[in-house]
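For the sequence shown, the residue numbers in numbering that gives the first Met the number 0 are 0 to 499. To start, the structure under review is shown below, and the notes come after it.
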Amino acid sequence: MATPAPLAAATPVGGAAAPLPQAIQFRVMRTCAPTLKIDTPSRFALDDLGHPPCAPSTSTSSDVAFESRVDLGLRASRASGVTGTLCLPQAFGNVYLGETFAAYVSAINSSDRVVRDVSFKAELQTERRRVALFDNAAEAAPTMPPGATFDFTATHDLKELGAHTLVCGVVYTDADGERKYAPQYFKFNAANPLAVRTKVRPGRDGRALLEACIENATPAPLLLSRATFEPCAHLECDEIVPACVSGAGVVIPEGDPHRGEEGGGGGGGGGGGARDAAAAGGSGLGEGLPSLANRPLRVLSPQGGSTHFLFELRQRPDITVTSDTLGKLEIRWTGHNGEAGRLQTQQIVGSPRIGGKDVEVAFAHGAPPKTARVHAPLTLSCVVTNKTASATRALEVIAQPDSDVVGGGATGGGGGATGATGGATGGGGGVAGILVDGPQRIAIGALPPGGERRVELTCVPTLPGTRRLPIVSVAEARGDGDARGGRVFDQLARFEVLVE
0 MATPAPLAAA TPVGGAAAPL PQAIQFRVMR TCAPTLKIDT PSRFALDDLG HPPCAPSTST
60 SSDVAFESRV DLGLRASRAS GVTGTLCLPQ AFGNVYLGET FAAYVSAINS SDRVVRDVSF
120 KAELQTERRR VALFDNAAEA APTMPPGATF DFTATHDLKE LGAHTLVCGV VYTDADGERK
180 YAPQYFKFNA ANPLAVRTKV RPGRDGRALL EACIENATPA PLLLSRATFE PCAHLECDEI
240 VPACVSGAGV VIPEGDPHRG EEGGGGGGGG GGGARDAAAA GGSGLGEGLP SLANRPLRVL
300 SPQGGSTHFL FELRQRPDIT VTSDTLGKLE IRWTGHNGEA GRLQTQQIVG SPRIGGKDVE
360 VAFAHGAPPK TARVHAPLTL SCVVTNKTAS ATRALEVIAQ PDSDVVGGGA TGGGGGATGA
420 TGGATGGGGG VAGILVDGPQ RIAIGALPPG GERRVELTCV PTLPGTRRLP IVSVAEARGD
480 GDARGGRVFD QLARFEVLVE
């Protein structure tokens, strides 16, 4: 294994004047996964190998194309230039947020005298806090002769961006009996490996859609292992997985449900290659690997490779909404050398708020009856609920017949019944097949925080067939002289019943 060179980035920070040399000096090496050493292979033309070293070449061609040359190695693997040597990092490299910073610290007694009662301490400092990484004050070394070394490792999960300072300090007693403290400082900067953009859109039935775009900001490819959304306590979350993923190379293993004939265009080079291999009868890239089973792997290209995720959020019925906070997005990835990383975003705030209805109305039993009889009373039970943390103003439930478009004969037959009830004909040229028996506005008063009130409406089916139920909504009660009424909070979904 090749020996690493001293790290240029891990140099001590000095003042204006050169400090006096200390007996104990620190050297810091960042411990990373080794890489394979690449050697450029030597290639020769076959014609040159058949002549004596001093004989002139009889070839009429003055220049032999490079692609026609061959390697002297007996194995084809030598042509790639990959050797069996592992190389440790020769430079400090880039440090990214979410990674585990690991350093190998070596302290050496560079003086020609013995020091005693030697204790070492290492801590990592940022603008916000300092974290102790190593401290052997309780078990200090009794003596440290000239040339002796003391080695230890320091690791820390990076959770802050910006400047970091690794402070390595030693307290010892020199040969003159004087107690001394000698610190050394090693600085580095933690960058953001990913750029995350989110957008919240309103969905169906009061739900919300959270779209997340994750972009690679590093000069090396990243394998995105997982991206999950951790919702707040009042929300439930489901990930919506599309048929193909755009903006990233996607490796789709054998047997994955996302594999399809139409997925070749959206997943980038990785997905298309896996599908082409499967179509040609070869084995898939994920065959026999448990870690690739039944899930696509997203490979983010260097400097700008991206992928998208879509989550559907819905309100939990047993918890009252008190804030617009949705939750956090957690991302896990793996670097090109196998180093793992983990990031968690800040709290994402929804706009508009999920379940933006302050007051909701719903059927008491979840759904209305499916069948009814002509001219027989039909009772609808509704529940009005206050979803806010404060009391509401006076409310009322409004029920209006919904018009059905029927044939000419049925329209004539229903005209008398419509006229008898004071005009329940719909604006679309149809006739209401189910009428409201009683007042169409029912006052329910104010509701306390989280309170609910049950309302029963009586309807009468007048025509056979499939008919729409009346439109039921909840709104602020209108005052005296107010013909339009107040704000409408919620409205029941339209249902149909079979009238026999």
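Note that the Cβ used here is the ideal one computed from N, Cα and C, for glycine as well. Every value quoted in this text rests on a predicted model; they were computed, and no experiment measured them.
With a threshold of 6 Å on Cβ separation, who are the neighbours of residue i within its own chain once the five nearest residues in sequence on each side are excluded?
i    : result
G411 : Summary for G411: the model assigns pLDDT 38, below 50, so the residue's position carries little reliability; its value from the coordinates is reported in the next sentence. The answer is none, since no qualifying residue turns up.
A101 : T30 and T154
D237 : E311
N135 : S118 and F119
A416 : Low per-residue confidence applies at A416: pLDDT is 36, beneath 50, and the placement is therefore not dependable enough to give any value.
R112 : A174
G450 : N385
D116 : A139 and T172
R26  : S105
I507 : For the chain, the structure presents residues 0 to 499; residue 507 sits outside this window and is missing.
A393 : G444, A445 and A476
Who are the near neighbours of residue i in its chain, counting only those whose CB is closer than 7 Å to its CB and skipping five residues on each side?
i    : result
P218 : P301 and Q302
V487 : S472 and A474
V12  : A caution first: V12 carries a pLDDT of 44, below 50, which makes its placement in the model too unreliable to give a value.
G202 : L208 and E311
E229 : G326, K327 and E329
H335 : A219 and P220
I441 : E395, V396 and V454
Tell me where the beta strand (DSSP E) around residue i begins and ends.
i    : result
G464 : G464 to R467
G340 : A339 to Q343
A140 : A140 to M143
T333 : T324 to T333
P447 : Looking at the DSSP string, P447 is not in any beta strand (DSSP E), and its letter there is neither H nor E.
K120 : V114 to Q124
G365 : Looking at the DSSP string, G365 is not in any beta strand (DSSP E), and its letter there is neither H nor E.
A474 : I470 to E475
P225 : Note that residue 225 corresponds to Arg in the displayed sequence, not to Pro. Per DSSP, R225 belongs to the beta strand (DSSP E) from L221 to P230.
K198 : L193 to P201
F25  : I23 to R29
D175 : From DSSP, D175 is part of no beta strand (DSSP E); its letter is neither H nor E.
V373 : No beta strand (DSSP E) contains V373, which DSSP labels as neither H nor E.
D489 : V487 to Q490
R297 : L296 to L299
E495 : E495 to V498
L35  : T34 to I37
Evaluate residue i with the Cβ neighbour count: other Cβ atoms within 10 Å of its Cβ, from every protein chain shown; 16 or more gives buried, anything less gives exposed.
i    : result
H364 : exposed
I37  : exposed
T457 : exposed
R138 : According to the sequence as given, residue 138 is Glu; it is not Arg. So E138 counts as exposed.
V498 : buried
P367 : buried
A398 : buried
R507 : The shown model of the chain, from 0 to 499, leaves out residue 507, and the question about it has no answer.
L35  : exposed
I502 : Past the edges of the chain, shown from 0 to 499, lies residue 502, and the structure says nothing about it.
L85  : exposed
Q314 : buried
G83  : exposed
G340 : buried
G510 : Lying before the first or after the last residue shown, residue 510 is absent from the chain, which here runs from 0 to 499.
E159 : exposed
E359 : buried
R518 : The first residue shown for the chain is 0 and the last is 499, placing residue 518 beyond what the model contains.
Q345 : exposed
A131 : exposed
A445 : exposed
A211 : buried
So, for residue i: in the same chain, excluding its five sequence neighbours on each side, which residues have a beta-carbon less than 8 Å away from its beta-carbon?
i    : result
C213 : Checking the displayed sequence, the identity of residue 213 turns out to be Ile instead of Cys. Taken in chain order, the residues that qualify are L193, A194, V195, L223, A226, L299, S305, T306, H307, F308 and I330.
G161 : T125, E126, N188 and A189
E495 : T465, R466, R467 and L468
R493 : D401, R467, L468 and I470
L157 : V94, Y95, L96, G97, E98, T99, F100, H163 and A189
P448 : T319, N385, T387, A388, S389 and A390
Let me check one thing: in DSSP terms, what residues is residue i bridge-paired to?
i    : result
T148 : I107
F308 : A211
N135 : Its beta-bridge partners do not exist; DSSP assigns none.
C167 : A121 and Q183
P460 : I433
E359 : T384
E238 : F310
F100 : H155
Q399 : I470
R129 : Q124
Got a sec: is the Cβ-Cβ distance from residue i to anything in chain B below 8 Å?
i    : result
K198 : Annotation note: the requested chain B is absent from the structure, which comprises a single protein chain.
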